[in-house]
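This report concerns only the one structure given below.
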Amino acid sequence: MANTSLSHPLRIDEVQPLSGWGSIGMSLCPGKLQSNALSGNWERDLDLDIDVIRAWGATAVVTLMEMHEHDELSVPDLPEKVWGAEMEWFHLPIVDQHAPDAVFLQRWKTFGGRIVTTLANGGKVFIHCKGGLGRTGTIAACLLIESGMRPAEAMAAVRLARRGTIETLEQERFVLGYEPCFR
14 MANTSLSHPL
24 RIDEVQPLSG
34 WGSIGMSLCP
44 GKLQSNALSG
54 NWERDLDLDI
64 DVIRAWGATA
74 VVTLMEMHEH
84 DELSVPDLPE
94 KVWGAEMEWF
104 HLPIVDQHAP
114 DAVFLQRWKT
124 FGGRIVTTLA
134 NGGKVFIHCK
144 GGLGRTGTIA
154 ACLLIESGMR
164 PAEAMAAVRL
174 ARRGTIETLE
184 QERFVLGYEP
194 CFR
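Taking the working numbering, I'd label the letters of the sequence shown as residues 14 to 196.
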């Protein structure tokens, strides 16, 4: 039996940055269709999941998946659905099971400041990758560091909010070495 948006409503695990900023929400890919996931078979409804994200109060959505993953999970229209719900969409792809690379960091320099500003102004930012753990937790921790948290504290906060996040040693090292870019 497949996990659907009705049987398993989108769970958004929330973590709070320092300094009275807005909130960071972490989850799996909204609307994904995936029959081979470690967590089971998924037949989610993108429209229902976008409604949950909007109801949570997100003003921005950060997608960390590569474009081929959008096709694999049958969510090629994710950006349009996000924009249609009047949220900003940021595509900052990271290779699955890896830490951000030079290509990500270049895009981060371009768009990360807008994400940080959204949070600093009290907005809510929803972050996801395919399963909502490795890449999602890594970038959520980086945003906590941007708010003034120390790296180890940020990693612990993300893991407390969403069990299993920041999955690899490479991702841990990235977070522990992350220096704020936008303060």
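Beta carbons are placed, not taken as given, at the ideal position from N, Cα and C, and that holds for glycine.
Cut-off 7 Å between Cβ atoms - residues of its own chain near residue 62, not counting five sequence neighbours on either side
Close CB contacts of residue 62 within its chain, under the 7 Å cut and outside five residues either way in sequence, are with 18, 23, 43 and 44 (chain order).
How long is the line joining the alpha carbons of residue 65 and residue 71, rounded to whole angstroms?
Whole-angstrom Cα-Cα distance: 9 Å.
Any chance the region 27 to 38 sits against the region 146 to 164, with 3 or more Cβ pairs inside 8 Å?
Short answer: they touch.
Buried or exposed for residue 81, going by 16 or more other Cβ atoms inside 10 Å?
Residue 81 is classed as exposed because its beta carbon has fewer than 16 other beta carbons within 10 Å across all chains shown.
According to DSSP, residue 55 sits in a beta bridge with which residue or residues?
Per DSSP, 16 and 47.
Between the beta-carbon of residue 103 and the beta-carbon of residue 75, is there less than 7 Å?
Residue 75 sits close to residue 103, with the two beta carbons spaced by under 7 Å.
For a test of the three-state rule: what should DSSP assign to residue 149, helix, strand or coil?
Taken through DSSP and simplified to helix, strand or coil, residue 149 comes out as helix.
Is the beta carbon of residue 78 sitting closer than 7 Å to the one on residue 143?
Judged by their CB atoms, residue 78 and residue 143 are nearer to each other than the 7 Å cut-off.
Three-state secondary structure assigned by DSSP to residue 98
Correct three-state label for residue 98: coil.
Check whether the region 119 to 138 touches the region 81 to 99, counting contact only when three or more Cβ pairs, one atom from each stretch, lie closer than 8 Å.
Segments in contact, no.
At which residues does the beta strand (DSSP E) containing residue 27 begin and terminate?
Secondary structure note for residue 27: its beta strand (DSSP E) is the uninterrupted segment 26 to 28.
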